[in-house]
Amino acid sequence: MVAVMQTNMGEIEDTTVRPKVTDAKGILKQNRQFLDYFWDIAKPQREIRLKAIEDLIEHLKKSEKPDELKYSLKRLVDGLSHTREDARSGYSVALAQLLSVFEEISLKSTLDTVKEKHKLQTGQKKLIRNAAFGNFFGVLALSQSTRLHKEPQVMLECVQLLQSLSKYGEHLKDLPRKTMVDILSETSNEVFKEVLLSALQPDLTSALNTPEQLELLLVAMQKFPSVLKPKKLQKLLGTKAVINEENMPKLVEVLKTAARSVKKENILPPVALDLLQVSLQEDNFEMFWNEAIIKGMLSEFPGPTHYLSFRLLGASLPLLSVSQLEFVLSGDVMIHYGQHMLSAQLVERYKFAPEMEKYVSEFMEGCADADKQLAVILGFTQLTNKGYPVVPSSWKVLEHMNLSALQQYVEWLMEAFCKPQLDKFLDFSTRRQKGNQESEVESDSCVSRFRKWIIPHLTFIVENFQIKKQEDLVMKIARFIFFHAFFDVKKPTPEIPETVQALSVPIDQQTRATFSASFNSLLQGLNSMAVLGDSPEEEKVNSRRILGVKADGSMWMYCLVQYATMLLDQRKYVQSIQTLSPEQRQGWDSMLESVEALRKKAKKSNSPKHTAFQHLFLLIGIQMFKVPDESLELLNDLRTCMEKAKSKKKKAQGSSAEEPHWVEVVVEILLSLLSQPSRLIRNVCKAVFSRICPHLTQEALSSILNVLDPNKDEEESGVMVTDEKEKEKKKKHKEKEEQEDEEDGEEGEEDSDSSSGDDDDDDEEEEDEATEEKEEVDQNFRLDLMKVLQGQNALATEEDGSDEEEMDDAAMMKLDGSLAALFLEQKNRIQAKKNEKDRLRKEKVLVRDFKIKVLDMVEMFLSKHGSSALVLGMVEPLLSVIESGMSSETSQQEQDFLRKAADIFKNRLCRGKYYCREIDGREAELHEMLERLIGRAKKLTDSSVSLYYFSAAVYVLKVLRGVVSEQDSENAPSTPSELRIMGKVDVERVTTCFRDALKSFMTKRKSPLTGVMFIELFSRFPVLCVDLLDMAVENITDGVREHQQGQACLIVLRALQSKDVKNLMSEAQRTELHQKVVDQLAKSFEDVQCKNKMVREKIVRALELCQHLVRTVQNQKLQINLELLQKVLKSMNAEGSLQRPGQLEDMYWSVMKLFGVLKPKMEKVKKVVEAEQTEETTRKNKKKGFLPESKKRKNRQKPNVLEGKETPASTETPGVSGGDEKKKKKKKNKKRKHQDGEGDETQNQPTTKKAKTQQQQEKKKKKKKGQQVADGE
């Protein structure tokens, strides 16, 4: 069977005739733009819908055509019942705007049109749904037209229509009731009393039945209080008030129904808030809260009713007075909320805390009464679980607190810290805590838990810059935390306000530790705090972006140091927890003298050196209350450093070699401080380092880079020291891994054991080491055990003849003691080794964290002083860090360290905006560095690491070239003279270096270099591209593999596309280059076979280059012979192998099109092979027992179409269903192996046997059909 299809899309489009649109009345003869408005109104995008509505109204205003207005009205009414929600809302809004603008359109006629178009009496369920939506959105459009209140009768019909739509709740839900409420809100008293009251009488009478009806009544009461007076309510409800004991059970049921109806939406039903407002108006709020909420809603299990109570609590805050707020915030609703807060800590539990925080935040932001704000904050603060408040210590609602309320709140917190009155708190316990009798917390423990919350809370108030506060309040909090963290009261004195409040319960050690940690966080907040206040002086200081100072210019840390000095002098009244020795106190006094001297110098000359030393003195001095010995040693070093920095004249070179520069000493001090795990110290060190960066020396920078150098021992880098045994074990383990890697031949996949690795790898290594040690220990332990047993004659020997001899009791007791001592010693030995391993692991983590902090210093130096000559000394150390990180372990901390180092090297160094431009006298050093980098890049095994080395070489080359033009911009146009300028680059030497690299890439099978590296090099330095382009052209055919050949094509293509390369070459050079590329391409296309993916990719790259080349030759009319290339390209498709769709084929025919050869049109012909496959599939799918078509009497003499094969025929019969065919297709793969054999057997099978088989199958079918009929009956 042959099927021929001729397709010509252009002819089809030309010959297609669109049907005529008959428009007898002429209404639809509109322009295309007018009709497109209605299409845009139905689109899902809200912005498009609103724009279309606006344009439609403007068009109708300008046109003033009644036909267009009538058509628009009809089109919008028809669209109200659209199947999509966005389209319905769009048509409704458009209809409302149309009715609002064109008042000549009658609302009565529009409503009649809506009712007639969307009839609710239709029989189909789907049409009923659409009709219901059409009626609803029609009424909604009328209500939004702002004209409905002018026509009371139309309003009455709308209300009646909405009442009839309420029975379609499964589709419309509560939308009709909400629309009725909106209509009531725009109705006057007269219209409501005369027109709507009678229509709404049934709904108002049954208001206590459903939430919608109750909400309608409540809205009417709020809107029309003069109409719905108590006498009228008496007629409607039987009671003069809504909130009373008689109606309370019905109200509770209504609230429960409303809570369940918004279970998925997670919102507060409007009826609940309306009920609360009515209870406030009727002065029955407490009864409503106790009966309806506490006894009614909270009596249910935790769920929607509880969440409604919580939402009502949050929404009621702006409506209540101070006394009512205290009543609500001290009741059972708060207790249930606290229990929910604790139970919601599980992952899969619903968390209401963010919603409550939003309610409180909105209340605080909109409330100007300080008493109400304080009452709400105290109510949530006093909600505690065993003394610990449920709200977080970093509660962001304080950002909207008034200054006066904040001051009262801080006073309350300090007083509660000293004398907590837990009996006044709203403390609760969970069900698990109540069931567990052992978890009863003593009063002192509750006080401790409360204090541990207060200190971080006070710290948060200081740290959060969005909380409005004054300097006096901040200093008061800082003094309070510092005093209770490091001092105790001996005797109260008014000179120290912190001693006036006596502690009802002493502070325990754990609370002291919390104080110490919070104090460091407090110092961090003070050190990064902007100047508080709005005075001109404070704005002037803020304009200079000075942080950590007060309005008068003094540092916060300096004020705390002065306060600490005053406390140290008042030994009669206070006592320091960490007693300072005379030497330490002398160090403290000398630190104060140094700071005062620095302050005087800073006033005369604002040098960053003075500020840096002042920061360090204050920071280290404060730390003396925690670690006095280390702080004293650092202070002595810092003082010596400052004395050296005083000298204005530089010392001689001989003496300077003996004594380090002051910057080097400061850097060493910063490194020693960074080893401490403190966020404050880390940030202060960064601030100090940023001030001393301009004064940094090569030795100071080397001390920083030595920490990061992975090739140096831990002792040389100054990071941390481990045991010698551990080092030997690591070296042995590393040598063992290297031997195994050499045997397996897998390079670059080893995991270094010098840093923390993945959890699984660590476990395996620890298990291996543990088994080795266990074997050694087992031998020694076995010998010791044998000695003990032999010493007590507890081992049976060959000389012992009888097994019945037993030891006496005394010997047994002695043996038991010896064995117990031996096993205890063995247990202690194993535990000691485990502790040692754990210690080493923790040290490893600390070392890596310390190196990450040091990387911050490197990043800061590159960001601020990227043009410094010292940057050149950071290239190779950073590369060694990246290389060692790539081949080391894969723990998360190691990955973070490697990612940070790579980001600094790539973005801060290589791609930095500023780079070193002063290299006088260092040209030879930089050329040697470039050669080292390229040599290392060629020897690596990982391409990702090689890329960093190659990028570093390009960076060094950029430094050597220097500034090319004044603009120095990549986008600036470059002239040939500027392109040839290479600055201080030895072009011949550099070209030789990169030529060797390109040769290595093209000739080595597993080269770490990539084509992208050379493409970037050539784009940045076109001069080198011109010199190396010949080698790339040669490797189009000489590349060691197809991959290298394809990359060579890509490199040459990018070079030919570069305008800079074109400007650097003469006309003759370009012609010669193009001819050489043509010859190479023709050679590469000879006898090519697309046998694998690599070859196809290579051919695609070559065809891309060929396409660009042919276009260039034809456009510029170059004297280049393309006949050979055209001939070779034609021979590639001699057998028609390039006529299938794909990237290779498309690129091939795009090239041939340039030569005038078009891709032939394909005629879809069903080939003979497909006919054979169809025949075999048909034969295989035939039912057993059926004669083939050629064996039947009527077709027996017909010749076969295919030689040696039978005519394929369809085996479909009326009894065969599609399901049977699918089942047979599933067996296709299983029978494929025996396909030919089965065909022969089918042909040679006797006809009589097939006839018998056919009869048996027909009998079986008849039996099955009979059974099916019987089952159906």
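According to our numbering, the sequence shown is numbered sequentially starting from 8. Backbone N, C-alpha and C fix where the C-beta goes; we use that ideal spot for every residue, glycine too. Quick caveat, the model's predicted, so the values are computed rather than measured.
Going by the beta-carbon positions, is the gap between D949 and P884 smaller than 9 Å? no
Contact between the region 170–177 and the region 148–162 is defined here as three or more beta-carbon pairs at a separation below 8 Å; is this criterion met? no
Would you check if the distance between the CB atom of M881 and the CB atom of L605 is smaller than 9 Å? no
Expressed to the nearest angstrom, what Euclidean distance is found between the alpha-carbon atoms of K230 and L319? 22 Å
I need the straight-line Cα distance from V512 to G892, nearest angstrom please. 53 Å
Could you have a look at T391 and say whether DSSP puts it in helix, strand or coil? strand
Does L235 come out as helix, strand or coil in the three-state DSSP assignment? Three-state DSSP puts L235 in coil, outside helix and strand.
Supposed close pair M864, I711 - CB separation, criterion 8 Å: 6 Å
In the structure shown, what three-state DSSP assignment does Q585 receive? coil
Is it buried or exposed, R686, if we count other Cβ atoms within 10 angstroms and call 16 or more buried? exposed
What number of angstroms, rounded off, separates the C-alpha of S268 from the C-alpha of Q151? 26 Å
Using the beta-carbon count (16 or more within 10 Å), is W46 buried or exposed? exposed
Sheet register partners of M562 (DSSP bridge): Beta-bridge annotation (DSSP): M562 is paired with V556.
Alpha carbon of F144 to alpha carbon of Q40, nearest angstrom: 26 Å
In this structure, does DSSP put P684 in helix, strand or coil? coil
Terminal residues of the continuous beta strand (DSSP E) containing F435? 433–435
In terms of DSSP beta bridges, what is F494 paired with? S583
C-alpha distance - F868 paired with K426, whole-angstrom precision: Cα to Cα, F868 sits roughly 50 Å from K426.
When we look at the beta-carbon of R1118 and count the other beta-carbons within 10 Å, is it buried (16 or more) or exposed? exposed
To the nearest angstrom, report how far apart S328 and K851 are at their CA atoms. When rounded, the distance between both Cα atoms is 59 Å.
State the CB to CB distance for the pair L282 and F292, rounded to an integer number of angstroms; the pair is presumed to be in contact (CB under 8 Å). That pair is no contact at about 10 Å.
Going along the chain, which residues of its own chain have a beta-carbon closer than 7 Å to the beta-carbon of F522, five neighbours each way excluded? I462, I488, H491, A492
For I461, three-class secondary structure by DSSP: helix
On the DSSP bridge list, what partners appear for P396? T391
In the DSSP assignment, what residue or residues form a beta bridge with T500? I503
Where Y357 falls, given that 16 or more other Cβ within 10 Å makes a residue buried: exposed
Cut-off 6 Å between Cβ atoms - residues of its own chain near S535, not counting five sequence neighbours on either side: L554
So A49 and A103 are in contact, right, with Cβ under 8 Å, and what is the actual spacing, rounded? So it is not a contact: roughly 16 Å between Cβ atoms.
Mind reading off the beta-carbon distance from A360 to A412? Whole number of angstroms is fine, and I expect it under 8 Å. In this structure, A360 and A412 do not form a Cβ contact; the two beta carbons are roughly 22 Å apart against a cut-off of 8 Å.
How about the region 679–697 and the region 614–631: do they share at least three Cβ pairs that are nearer than 8 Å? Between the region 679–697 and the region 614–631, the count of Cβ pairs shorter than 8 Å is three or higher; the stretches touch.
Short check: CB of L191 to CB of D210, under 9 Å? no
When we look at the beta-carbon of A148 and count the other beta-carbons within 10 Å, is it buried (16 or more) or exposed? With a threshold of 16 other beta carbon atoms within 10 Å, A148 meets it and is buried.
Out of A908, L879, L1060, which has the shortest C-alpha to C-alpha gap to L940? L879
Report yes if the C-beta distance between V108 and L87 is below 9 Å; otherwise report no. No, the pair does not count as a contact, with Cβ atoms beyond the cut-off.
Residue range of the alpha helix (DSSP H) that W419 falls in? 410–425
Any idea if E973 is buried or exposed, counting beta-carbon neighbours within 10 angstroms, 16 or more meaning buried? The predicted position of E973 is uncertain, since its pLDDT is 41 and thus under 50; no value can be drawn from it.
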